[in-house]
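Engineer: For the protein sequence lines, the chains are W and R, in the order given.
In this text, residue positions in the first sequence follow our numbering: the first is 1, and each later residue adds one.
In this text, residue positions in the second sequence follow our numbering: the first is 536, and each later residue adds one.
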Amino acid sequence: MMSTYTYPRYPYRISPEQEAGRLVRHPVVVIGAGPVGLTAALDFAARGIPTVVLDDNDTVSLGSRAVCYAKRPLEIWDRLGCGERMVERGISWRIGKVFFEDDLRYQFDLLPEPDHKMPAMINLQQYYLEEFMVEECARQPLVDLRWKHKLLSLQQHDDFATLVVETPDGVFTLEAQWVVACDGANSDTRKMVGAEFTGQAFQDRFLIADVVMKAQFPTERWFWFDPPFHRNQSVLLHRQADDVWRIDFQLGWDADPTEEKKPENIIPRVKAMLGPDAQFELEWASVYQFACRRIDRFRHGRVIFAGDAAHQVSPFGARGANSGVQDVDNLGWKLKLVLDGLAPETLMDTYHEERALAADDNIANSTRSTDFITPKSAMSRRFRNAVLELAQDHPFARPLVNSGRLSTPTPYLASPLNTPDEDAFAGLMAPGTTCADAPVRVDGRDGWFLGLLGGGFTVVTFGDAPLGEVRAGGIVAPVLRIGIDAADAKGRLAERYDGMDGTTYLIRPDQHVAARWRSFDPDKIQGAIRRAIAA
Amino acid sequence: MLHAMPTDAPRHDALNRTPNIPDPDGFYEELIESQRLLSDDEAQLMNCKLILLLANHVGDRAVLTQALKAAGGAGK
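#1: Strictly below 8 Å CB to CB, what residues from chain W border K584 of chain R?
#2: Report all residues from its chain with a CB closer than 6 Å to the CB of G96 of chain W; omit the five preceding and five following residues, and keep chain order.
#3: With 9 Å as the threshold, decide whether the Cβ of R368 of chain W is near any Cβ in chain R.
#4: Any idea which residues DSSP pairs P478 of chain W with across the strands?
#5: Would you say Q579 of chain R faces chain W, with C-beta separation under 9 Å as the test?
#6: What residues are listed by DSSP as bridge partners for V281 of chain W?
#7: Taking C-alpha atoms, which residue in W:P466, W:A494, W:R65, W:L493 lies nearest to D523 of chain W?
#8: When DSSP labels each residue in this structure, what does K584 of chain R get in the three-state scheme?
#9: Would you mind sorting R246 of chain W into buried or exposed? The rule is 16 or more other CB atoms within 10 Å of its CB.
#10: Between the alpha carbons of S323 of chain W and P411 of chain W, how many angstroms are there, rounded?
#11: Give a yes or no on whether the C-beta atoms belonging to D144 of chain W and V52 of chain W are separated by under 9 Å.
#12: For a test of the three-state rule: what should DSSP assign to T553 of chain R, helix, strand or coil?
#13: Measuring only between beta-carbons, confirm whether L588 of chain R sits less than 9 Å from chain W.
#14: Under 9 Å between C-beta atoms, does N591 of chain R make it to chain W?
#15: Please decide whether A397 of chain W counts as near chain R, where near means a Cβ-Cβ distance under 9 Å.
#16: Mind listing the chain R neighbours of F462 of chain W? Cutoff is C-beta to C-beta under 9 Å, in chain order.
#17: Which runs of the alpha helix (DSSP H) spanning at least 4 residues fall entirely within the stretch 39 to 112 of chain W, listed in chain order?
#18: Have a look at Q200 of chain W and P416 of chain W and give me their C-alpha separation to the nearest angstrom.
#19: I529 of chain W bridges to which residues according to DSSP?
#20: Taking the straight line between their C-alpha atoms, what separation do you get for A414 of chain W and G432 of chain W?
#21: Strictly below 8 Å CB to CB, what residues from chain R border R105 of chain W?
#22: Express the C-alpha separation of A514 of chain W and N555 of chain R in angstroms, rounding to a whole number.
#23: Regarding S323 of chain W and the ligand FAD, is the C-beta to nearest heavy atom distance less than 8 Å?
#24: Using a Cβ cut-off of 9 Å (strictly closer), state whether L537 of chain R contacts chain W.
#25: If I measure Cβ to Cβ from D210 of chain W and keep anything under 7 Å in the same chain, skipping five residues before and after, which residues do I get?
#26: In the structure shown, what three-state DSSP assignment does T370 of chain W receive?
#27: Grab me the residues of E131 of chain W's own chain with a C-beta within less than 7 Å of its C-beta, minus the 5 sequence neighbours each way, in chain order.
#28: If you draw a straight line from the C-alpha of A176 of chain W to the C-alpha of V24 of chain W, how long is it?
#29: In angstroms, rounded to a whole number, what distance separates the CA positions of K490 of chain W and A438 of chain W?
#30: Where does S403 of chain W fall in DSSP's three states?
#31: Going along the stretch 354 to 384 of chain W in order, which residues come within less than 8 Å of chain R, judged by CB to CB distance?
#32: Whose C-beta lies closer than 7 Å to the C-beta of E345 of chain W among residues of the same chain, with five residues either side of it excluded?
#33: Looking only at its own chain, which residues have a Cβ that is under 8 Å from the Cβ of I76 of chain W, when we skip the five neighbours before and after it?
#34: Let me know if E19 of chain W comes out buried or exposed under the rule of 16 or more other beta-carbons within 10 Å of its beta-carbon.
#35: For the beta strand (DSSP E) containing G21 of chain W, name the first residue and the last one.
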């Protein structure tokens with residue numbers, strides 16, 4: 001197999017504490033340096049938490065794996081300093097084509113909403129994503145990324161955990177006030193705390209292959225239902241960076257993973273699909289079976305779970321890594337406030353409430369896609385095929401075609417951290433919702449609204465305000481005046497936030513709306529801050 | 536001006552269970568005739584398409600849920 005990518009080997013170094021035989025208690029230890037663990041390290045460090053990351057390997061993801069990243073994770077990575085690089089390296093597609101049996105049934109244009117800094121999504125191999133974040137971690141003095149450190153066991157105490165870790169230099173012990181487990185679907189940490197991880201395992205297998213294309217091929221997403229070259233199954237083709245194309249073949253339950261992975265079995269399949277003239281080389285292939293499962297509680301004492309360690313979804317809709325990154329976005333600021341003694345420890349339980357809701361939403365959505373793509377009965381297959389046949393001539397049927405819905409953030413509409421509306425608002429920015437981006441001008445320079453948020457709590461008000469900041473407990477929320485401190489460059493803020501003179505939003509450190517009013521009332525803002533930190 | 540609503544008149548959000556098809560015998564004949572030359576498989580696919588076309592025409596989620604129940608569906 002050829003290779004467009006050279007896997008970095010990150011050097012193992014003995015830690016000073018292991019070398020000195022010293023027992024150190026760290027504020028936070030992250031287990032696993034995948035996309036979620038690395039994001040956690042960068043987020044925690046950006047919030048001022050010294051963070052140790054342990055990974056049992058010394059390189060990045062093998063193969064492209066998670067390949068599609070949606071707008072919200074890109075916005076989070078942009079806040080952490082590596083979003084622009086990912087977008088630059090990644091591929092954005094807009095045209096999607098849906099094939100059924102022998103024919104193209106219809107095509108669509110994603111038509112992303114204008115005036116957001118980040119695109120609706122990009123395709124990028126997971127190894128690039130991780131490489132960029134590892135490099136960013138190296139620039140952050142508060143991140144201590146330790147390769148070849150394998151967690152052997154974990155013991156919980158009232159306000160810390162003891163971790164036994166193995167390195168090439170032997171076994172040593174360290175302590176952590178909080179452990180954040182980002183060690184994937186087969187999380188050892190999850191087993192160590194005895195958490196339940198239950199749900200539905202699907203009776204299906206997928207072959208995923210990275211193929212290097214040598215000729216021009218359109219940058220479009222092609223999805224086949226029941227194609228002539230792969231009867232009764234589905235196939236997805238989309239482009240990544242470096243002219244590497246990702247192909248996902250549904251195999252069915254009876255397939256033999258070892259046989260299917262062999263190049264001599266993959267290459268004829270790809271040839272049948274791309275036609276006899278297509279010039280390509282196989283770069284990587286893997287077979288997987290998927291499941292939809294969720295951990296019982298995202299917090300077990302001093303151990304917090306994020307990403308696939310907490311929830312596993314089917315691949316349709318790119319909800320795995322994307323939701324894991326949003327887990328971390330929710331967790332970092334809460335961890336910081338609790339570590340600093342500015343919020344009660346119960347704030348950590350709202351991490352479970354908010355992200356378990358999102359996990360359930362993702363599982364429900366990806367299960368719907370799975371049921372459309374792989375019908376479970378003869379009758380549901382007939383309905384599926386009827387939708388696909390109608391879609392060609394009847395536009396009404398196209399929204400029923402479900403080949404995976406691009407993930408969008410789940411709003412925490414019923415979160416106890418929200419202050420319910422007492423005034424009427426139009427638009428989507430209800431308490432618990434992720435803030436929409438918009439172009440702004442600050443000091444004569446073009447910028448983006450989200451770039452002005454995310455350091456801590458922020459009060460955003462349309463027009464002038466009586467105060468420059470609002471204080472509640474130890475929390476200081478600066479006031480950002482739209483029209484004075486930042487200009488609403490294209491009117492999108494007023495439009496997206498239903499902003500009128502006096503309209504005031506309290507924004508959480510993870511860029512979610514906590515509360516909103518039609519006037520600036522410091523008492524109400526203070527009350528909403530206290531509520532948003534579970535005080 | 537207030538009109539008293541007859542109790543059996545369909546509400547906008549309720550499944551219409553009163554006769555509403557003009558020429559019922561003619562419609563029934565047309566329905567059966569439309570599938571006379573189809574195999575069972577073809578007829579089943581056609582039924583699926585018909586359900587989807589009509590469901591879209593109705594377009595009222597509450598009515599569709601009632602119709603699924605009235606037809607004997609065992610969903611939630």
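Think of the CB as a built atom: it goes at the ideal place given N, C-alpha and C, for glycine as much as any other residue.
Structural biologist: Taking the definition as stated:
#1: A386, E389, L390
#2: F108, R221
#3: no
#4: W:E469
#5: yes
#6: The sequence shown places Glu at residue 281 of chain W, rather than the Val named in the question. According to DSSP, which records beta bridges pairwise, E281 of chain W is partnered with W:V212.
#7: W:P466
#8: helix
#9: buried
#10: 12 Å
#11: yes
#12: coil
#13: yes
#14: yes
#15: yes
#16: Simply none; closest approach about 36 Å.
#17: 71 to 79, 83 to 89
#18: 29 Å
#19: Paired residue(s): none; I529 of chain W is not in a bridge.
#20: 7 Å
#21: Correct list: empty, because the minimum Cβ distance to chain R is about 14 Å.
#22: 50 Å
#23: This structure lacks the ligand FAD, and indeed carries no ligand of any kind.
#24: With a pLDDT of 44 at L537 of chain R, under the threshold of 50, the modelled position of that residue is not reliable, and the figure given next carries that caveat. It does not: the Cβ of L537 of chain R has no partner Cβ on chain W nearer than 9 Å.
#25: G63, S64, V244, R246, E283, W284
#26: helix
#27: P8, V60
#28: 8 Å
#29: 8 Å
#30: coil
#31: M379, R382, F383
#32: V338
#33: T39, D43, G83, V325, Q326, V328, D329
#34: exposed
#35: No beta strand (DSSP E) holds G21 of chain W; DSSP gives it neither H nor E.
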